Amino acid sequence: MQLTNRSKKIDKREMTLAERLYIPAVTKGLAITISHFFRKKPTIQYPEQKRYLGPIFRGQHILKRDEQGRERCTACGLCAVACPAEAISMVSAERKKGEEHLYREEKYAAVYEVNQLRCIFCGLCEEACPKEAIYLQHDKFLPAFTERDEVIWGKDKLVENMDNRYLREGWK
Amino acid sequence: MDSTVFIVRSIIIFVIFGITLLIATYSTYAERKVAAFLQDRLGPNRAGPFGIWQPLADAVKMFTKEEFIPAQANKWLFIAGPCFAMLTALMASAVIPFGDTVQYEGQFIAVQGIDINIGILWIFGIVSLGVYGVMIGGWASNNKFSLLGAIRAASQNISYELAMGLSIIAILMMSGSLSLRDMVNQQATPFLGVSGLNWNIFYQPVGFIIFLTCAFAECNRTPFDLPECETELVGGYHTEYSSMKLGFYLFAEYINMFVSSAVISALYFGGFNFPGQAWVASLLPAGALGHNLLTSIGVVVFFGKIFFFIFFYMWVRWTLPRFRYDQLMNLGWKTLIPLAILNIVVTGAGLLFDFKPATWLIVIFVVVLAVISAAQPRKTMRPQQSTV
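Each protein sequence line maps, in turn, to chains A and B. Those letters in the first sequence? Residues 5 to 176, per our numbering, in order. Those letters in the second sequence? Residues 4 to 391, per our numbering, in order.
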């Protein structure tokens, strides 16, 4: 029985003179390689060109703001609970009067930290979030870090920039 | 020889020396680029536009690497090995006629390092000296693998030099001269009414194939790169070498490739002659200017031919796998040498009866034999390969 039909039957008969002359076979081989010479190269030149990774790639974290530019996060801590790597930690605070344009909910995250060495990019925080605040961006890799103090990302790096909003495919 | 001729000669020699080195340098780049393209990759493209500064980057890398000499190695021979390889490789390009003559103040100066009447013998002598570089380096390393690589190189070069020399004899019989310049000039005559196309390849197809095969073996190029066969011998004769001493060995290989490409194009592909050169010459102005222009076109054409063969070396490298050692020896001694002798006999007979393309008869004969053997029923089992 054969699993695939790709196996080739080996010709074990004695070689003919034409086969023993090498030259026809060599010419055939040269023709094959030169055809590859002119073929289009599939290389994607990484730092300049990037492959599209699809709409569900889980890259760098972002804390979304709403349409008025208010932070969505209410520091409920569900993401931290859901996180299997225990990478997320936060300190909550109560919204003062006059801060309504900064925070959507009455309670907000004064400190929100993701330990990027612990994070496994599973996306469970995204699923756990009831306020649609945290996302893993589909188009952005986490940059490499060389120092230990670059590892913990605070709100300064995580909160969305309103001038350059993150939009996933299918969102308005 | 008066001083102008001397100065022009020295300039020509220095230019040839420089061009040889430049081409060898960029052969390393071309090798990587061609290899990449044949394998559907892009190759080096980070150092400068299209990676053209890659050879410089390689040189910096080579120079800054640790200069290592094994403790038990013979120090002087260890250093002499790569120097010898480089020296012999560079000396061979002296007799190659890169172009016709340059007319300067009424004198005709050949575009050639030196026009000696035994040019092809000089090249053969120098090329066979080249094996000393490999042998000395392999021996002085005091390492089993280096020595094995060196021995392989020596026996391979000796075996293939025989067939190479024999294949050249057929051409010598036709040209009646050992001077490369004479041989090239003889190919300038019309062939089928096209001037400058009387190339030896049309008279010596068998000799060309033998010579080409042997040239691959002499340059230690795939499919005959057994001396540096890394799957069996680590790195072959240059296992213990590092830094620029290794660079010299690799560089010598590329210079050898350049020289053998030049010899192939001079012997079989008309050297600096190109089809329709009489017609081009009639278009150019008469006198020194026209003559020099024609010469420079010839030089460009010759380099075009050389580049094609360098490309061919690389093309073959990424097409054919390496021979087994017994297959290599069988091919050399049992096929190429008898074939070369047959080629000499047939060429001689052809000259006797004034029929120059006589060696095509060998080709026709072999093709007919191949067709007949293909038509016959084959034995079902392949005989056991000999392992000697």
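Glycine included, every Cβ here is placed at the ideal spot set by N, Cα and C. Being a predicted model, the structure only gives us computed values, none of them experimental.
TODO: Report, in whole angstroms, the separation of the C-beta atoms of residue 377 (chain B) and residue 35 (chain A), which I expect to be a contact under 8 Å.
DONE: On the second sequence, position 374 is the one that residue 377 (chain B) refers to. On the first sequence, position 31 is the one that residue 35 (chain A) refers to. Residue 377 (chain B) to residue 35 (chain A), Cβ: 20 Å. No contact.
Give me the chain B residues within the contact set of residue 46 (chain A), using Cβ-Cβ distance strictly less than 8 Å, ordered along the chain.
Taking the first residue of the first sequence as 1, we reach residue 46 (chain A) at position 42. 43, listed in chain order.
So that I know if they touch, is there some Cβ in chain B lying closer than 8 Å to that of residue 132 (chain A)? By one-based count along the first sequence, residue 132 (chain A) stands at place 128. With 8 Å as the cut-off, residue 132 (chain A) does not count as an interface residue toward chain B.
**OP:** Could you spell out where the alpha helix (DSSP H) holding residue 53 (chain B) opens and where it closes?
**Re:** Translated into the one-based positions of the second sequence, residue 53 (chain B) becomes position 50. Here residue 53 (chain B) belongs to no alpha helix (DSSP H), and DSSP marks it neither H nor E.
> Any beta-carbon of chain A closer than 8 Å to the one on residue 40 (chain B)?
Replying inline: Counting from one through the second sequence, the residue named residue 40 (chain B) turns up at place 37. Interface criterion met: the Cβ of residue 40 (chain B) is under 8 Å from a Cβ in chain A.
Q.
Using the three-state DSSP reduction, which class does residue 16 (chain B) fall into: helix, strand or coil?
A. Residue numbering aside, residue 16 (chain B) sits at position 13 when the second sequence is read from its first letter. Three-state DSSP puts residue 16 (chain B) in a helix.
Write down every uninterrupted run of the alpha helix (DSSP H) in the segment 222-287 of chain B whose length is 4 residues or greater and which is fully enclosed by it, in chain order.
Every alpha helix (DSSP H) stretch that sits fully inside the segment 222-287 of chain B and reaches 4 residues is listed by chain position as 233-236, 246-271, 280-286.
Item checked: Reduced DSSP category for residue 113 (chain B) - H, G, I as helix; E, B as strand; rest coil -> Here residue 113 (chain B) refers to the residue found at position 110 when the second sequence is read from its first residue. Of the three classes helix, strand and coil, the one that applies to residue 113 (chain B) here is strand, per DSSP.
Contact check, residue 37 (chain A) vs residue 142 (chain B) under 8 Å by CB: the rounded distance?
Locating residue 37 (chain A) in the first sequence gives position 33, counting from the first residue. Locating residue 142 (chain B) in the second sequence gives position 139, counting from the first residue. Going by Cβ atoms, the distance from residue 37 (chain A) to residue 142 (chain B) rounds to 37 Å, so no, they are not a contact pair.
Can you find a C-beta in chain B that's less than 8 Å from the C-beta of residue 34 (chain A)? What you label residue 34 (chain A) is simply residue 30 of the first sequence in a count that begins at 1. At least one chain B Cβ lies under 8 Å of residue 34 (chain A).
| task | Would you mind telling me which residues of chain A sit closer than 7 Å to residue 323 (chain B), beta carbon to beta carbon, in chain order? | result | One-based indexing of the second sequence puts residue 323 (chain B) at position 320. Per Cβ cutoff of 7 Å: 30, 33.
Quiz item: Which residue's Cα is closest to the Cα of residue 257 (chain B): B:283, B:286, B:276, B:218?
Solution: Counting from 1 along the second sequence, the entry for residue 257 (chain B) is found at position 254. When each option's Cα is compared against that of residue 257 (chain B), the closest is B:218.
**Q.** Helix, strand or coil at residue 106 (chain B) according to DSSP, with G and I counted as helix
**A.** Reading the second sequence from its first residue, position 103 is the one you call residue 106 (chain B). Look at residue 106 (chain B) here: in three-state DSSP terms it is strand.
>> 8 Å is my cut-off, CB to CB: does residue 145 (chain A) come that close to chain B?
In response: Counting from 1 along the first sequence, the entry for residue 145 (chain A) is found at position 141. No, no contact with chain B.
- prompt: residue 270 (chain B): buried (16+ other C-beta within 10 angstroms of its C-beta) or exposed?
  reply: Locating residue 270 (chain B) in the second sequence gives position 267, counting from the first residue. With 16 or more Cβ atoms within 10 Å of its Cβ, residue 270 (chain B) is classed as buried.
TODO: Consider the Cβ of residue 79 (chain A): report whether some Cβ of chain B lies at a distance smaller than 8 Å.
DONE: Residue mapping note: residue 79 (chain A) aligns to position 75 of the first sequence, counting from 1. Among the CB atoms of chain B, none fall inside 8 Å of the CB of residue 79 (chain A).
Buried or exposed: which applies to residue 104 (chain A), given that a residue is buried once 16 or more other Cβ atoms fall within 10 Å of its Cβ?
Mapped onto the first sequence, residue 104 (chain A) falls at position 100. Answer is exposed; the Cβ neighbour count stays below 16.
Review point. Whose Cβ in chain B lies nearer than 9 Å to the Cβ of residue 113 (chain A)?
Key: If you number the first sequence from 1, residue 113 (chain A) lands on position 109. Those do not exist, as residue 113 (chain A) stays about 43 Å from chain B at its closest Cβ, beyond 9 Å.
Check: For residue 80 (chain B), which beta-bridge partners are listed by DSSP?
Finding: The residue given as residue 80 (chain B) occupies position 77 in the second sequence. Beta-bridge partners of residue 80 (chain B) (DSSP): none assigned.
Margin query: Taking CB distances under 8 Å as the criterion, tell me whether residue 170 (chain B) reaches chain A.
Written below: To locate residue 170 (chain B), count along the second sequence from 1; it is residue 167. Using a CB distance cut-off of 8 Å, residue 170 (chain B) does not count as an interface residue toward chain A.
Rounded to the nearest angstrom, how far is the Cβ of residue 135 (chain B) from that of residue 224 (chain B), given a contact under 8 Å? Here residue 135 (chain B) refers to the residue found at position 132 of the second sequence. Here residue 224 (chain B) refers to the residue found at position 221 of the second sequence. With 8 Å as the limit, residue 135 (chain B) and residue 224 (chain B) do not qualify as a contact, their Cβ atoms being about 19 Å apart.
Exercise. Would you check if there are 3 or more beta carbon pairs closer than 8 Å linking the segment 117-136 of chain B to the segment 302-317 of chain B?
Key: Too few Cβ pairs lie closer than 8 Å, so no.
Just reading off the beta strand (DSSP E) that residue 40 (chain A) is part of, what are its end residues?
-> Position 36 of the first sequence holds residue 40 (chain A). Taken as a continuous stretch (DSSP letters only), residue 40 (chain A) belongs to no beta strand (DSSP E), being part of the alpha helix (DSSP H) at 27-41.
Less than 8 Å separating the beta-carbons of residue 255 (chain B) and residue 62 (chain B)? Position 252 of the second sequence, counting from 1, holds the residue named residue 255 (chain B). Position 59 of the second sequence, counting from 1, holds the residue named residue 62 (chain B). In this structure, residue 62 (chain B) does not lie closer than 8 Å to residue 255 (chain B) by Cβ.
Next on the checklist: Which residue marks the beginning of the beta strand (DSSP E) containing residue 96 (chain A), and which one marks its end?
Outcome noted: Within the first sequence, residue 96 (chain A) is the residue found at index 92, counting from 1. First-last of the beta strand (DSSP E) with residue 96 (chain A): 92-98.
Extent of the continuous alpha helix (DSSP H) run through residue 130 (chain A) = Here residue 130 (chain A) refers to the residue found at position 126 when the first sequence is read from its first residue. 128-132 is the span of the alpha helix (DSSP H), which, as asked, contains residue 130 (chain A).
DSSP three-state assignment for residue 145 (chain A), whether helix, strand or coil = Mapped onto the first sequence, residue 145 (chain A) falls at position 141. In the three-state scheme derived from DSSP, where H, G and I count as helix and E and B as strand, residue 145 (chain A) is classed as coil.
Check: residue 376 (chain B) CB to nearest chain A CB: under 8 Å?
Finding: Taking the first residue of the second sequence as position 1, residue 376 (chain B) is located at position 373. With 8 Å as the cut-off, residue 376 (chain B) counts as an interface residue toward chain A.
Range covered by the beta strand (DSSP E) that runs through residue 138 (chain A): Position 134 of the first sequence, counting from 1, holds the residue named residue 138 (chain A). That run of the beta strand (DSSP E) goes 138-140.
ask   = Should residue 249 (chain B) be flagged as near chain A, meaning a C-beta pair shorter than 8 Å?
value = On the second sequence, position 246 is the one that residue 249 (chain B) refers to. Answer no: the Cβ-Cβ gap between residue 249 (chain B) and chain A never drops below 8 Å.
Item to check | Where the alpha helix (DSSP H) containing residue 22 (chain A) begins and where it ends | outcome: For the purposes of this step, residue 22 (chain A) is identified with residue 18 of the first sequence, where counting begins at 1. Where residue 22 (chain A) is concerned, the enclosing alpha helix (DSSP H) stretches over 21-24.
Q) Using a beta-carbon distance below 8 Å, is residue 363 (chain B) in contact with chain A? A) Here residue 363 (chain B) refers to the residue found at position 360 of the second sequence. So, not an interface residue.
| query | Exposed or buried, residue 102 (chain A), counting other C-beta atoms within 10 Å across all chains shown (16 or more means buried)? | reply | Counting from one through the first sequence, the residue named residue 102 (chain A) turns up at place 98. Exposed, since its Cβ has fewer than 16 Cβ neighbours within 10 Å.
* **residue 184 (chain B) classed as buried or exposed, judged by whether at least 16 other C-beta atoms fall within 10 angstroms** => Translated into the one-based positions of the second sequence, residue 184 (chain B) becomes position 181. Using a 10 angstroms sphere on the CB of residue 184 (chain B), the tally of other CB atoms reaches 16 or more, which defines it as buried.
Is residue 368 (chain B) near the ligand ZN, going by C-beta to nearest heavy atom under 7 Å? Absent from the structure shown: the ligand ZN. Ligands present: none.
- Using a Cβ cut-off of 7 Å, which residues of the segment 249-281 of chain B contact any Cβ in chain A, in chain order? Of all residues in the segment 249-281 of chain B, none has a C-beta nearer than 7 Å to a C-beta of chain A.
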